[in-house]
Each structure stands twice: as C-alpha cells, then as structure tokens.
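This report concerns only the one structure given below.
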Amino acid sequence: MARQRHGGGGAQDPRRPTEHDRALGPRLKALRRAAGLTQEGLANALGVSYQQVQKYEKGTTRMSGGRLQQTASLLGVSLQDLLGEAAAAGFAEGSPSGYEAGAGADATELLRHFAGIKDTADREMLLRLAKLLAKS
C-alpha cells in the first residue's frame, strides 16, 4: 500500500535535511580531505556506501548522532570540530550559524588548513586569535 502524504503547512518532516545538515556537508568534505581519506575510504570505515558519504557531503541526507560521533572519531576531530562551534550552538538553539550565513568557501578553506595543524597548542592559539579578531 502506498504511503499517503498529508498536505497543509504542518511542521517539517524530521527526516528531511535542515540548514544545519546542509552546512555540515562542506565541513565534512574538508575534514575528510584534510585527513587524507577518499569518500570510499570514509564510507568503508563507517560501514556505508560511498554514495551515502556523497549525500552527507551534499547535505541531502541527515546524519544520526551516532554517525556524527563515529565520523568525528574517524577523522580525528571532536564532535564540536565536525559540527563547528556556531553550528553546535545552532543545533542546541535552533538558530542558523554564522557559517551558514555566508562564510562559505573561505570558511571551508580555513577549516581545511586548521584541520591540518597537528600541534594542539598551535590549534588553540589560532582559535584564540580567530575569536579575538571576530570581536573587533
């Protein structure tokens, strides 16, 4: 039997990607590349198809909380690094992040370089500098 769709202006289907899911895609792609992984390599590690990784990176498919944590661990970053500080706050508050508001390609490039910094002290110093510059 076919599933019926209900019309009307009800709440968004919780299974459909949100702006946060779409913002996560470029960040995931940059972190995957910085880690030296192909889509297929990440897919194998996650136990999904490379097509599924493509969908995550395009933001057309939502990632579960468990899959987000697994991905962050495989990429060697924290969950907050994967989501981004503003995105993590946005998930909690339901508000769009600064990343979604137009940082775009610059933010993706910055993230790629940041992910390549292996020294924790250097990463912390750069993060403090970025926060300081963002206030001015």
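Residue numbering for the sequence shown follows this note's numbering, beginning at 8 and increasing consecutively. The beta-carbon is built from N, C-alpha and C at its ideal position, and this holds for glycine as well.
| message | Please list the terminal residues of the continuous alpha helix (DSSP H) segment that includes T78. | response | Note, T78: alpha helix (DSSP H), G72 to L82.
| Quick one: does the C-beta of G83 sit closer than 7 angstroms to a heavy atom of the ligand NAP? | By its list of ligands, the structure shown contains no ligand whatsoever, and the ligand NAP lies outside what it can speak to.
| task | Helix, strand or coil for G101, going by three-state DSSP, please let me know. | result | The predicted model places G101 with a pLDDT of 45, which falls under 50 and marks its position as unreliable, so this point remains unresolved.
| task | For P33, name the three-state secondary structure that DSSP assigns. | result | Looking at P33 - three-state DSSP - the assignment turns out to be helix.
| query | So, helix, strand or coil for G48, using DSSP? | reply | G48 carries a helical assignment under DSSP once its states are collapsed to helix, strand and coil.
| task | Report the three-state DSSP secondary structure of D88 (helix, strand or coil). | result | Correct three-state label for D88: helix.
| task | To the nearest angstrom, report how far apart L89 and F121 are at their CA atoms. | result | Rounded to whole angstroms, the gap between the alpha carbons of L89 and F121 is 12 angstroms.
| task | Work out the CA separation of V60 and Q46 for me, nearest whole Å. | result | Whole-angstrom Cα-Cα distance: 6 angstroms.
| request: State the Cα-Cα distance for the pair A79 and K142, rounded to the nearest angstrom. | output: Using only the alpha carbons, I get a separation of about 28 angstroms.
| query | Comparing alpha-carbon positions, which option in D129, L117, G91 and L140 lies nearest A30? | reply | Of the candidates D129, L117, G91 and L140, the one whose C-alpha sits nearest the C-alpha of A30 is G91.
| task | Consult DSSP for D28 and reduce its assignment to one of helix, strand or coil. | result | Reduced to three states, the DSSP call for D28 is helix.
| message | Going by beta-carbon coordinates alone, are L118 and L38 separated by less than 8 angstroms? | response | Yes.
| field | Length of the line joining the Cα atoms of M8 and Y63 | value | Model confidence at M8 stands at a pLDDT of 49, short of 50, so the residue's coordinates are unreliable and nothing is read from them.
| query | Quick one: is P21 buried, meaning 16 or more other Cβ sit within 10 Å of its Cβ, or exposed? | reply | Under this definition P21 is an exposed residue.
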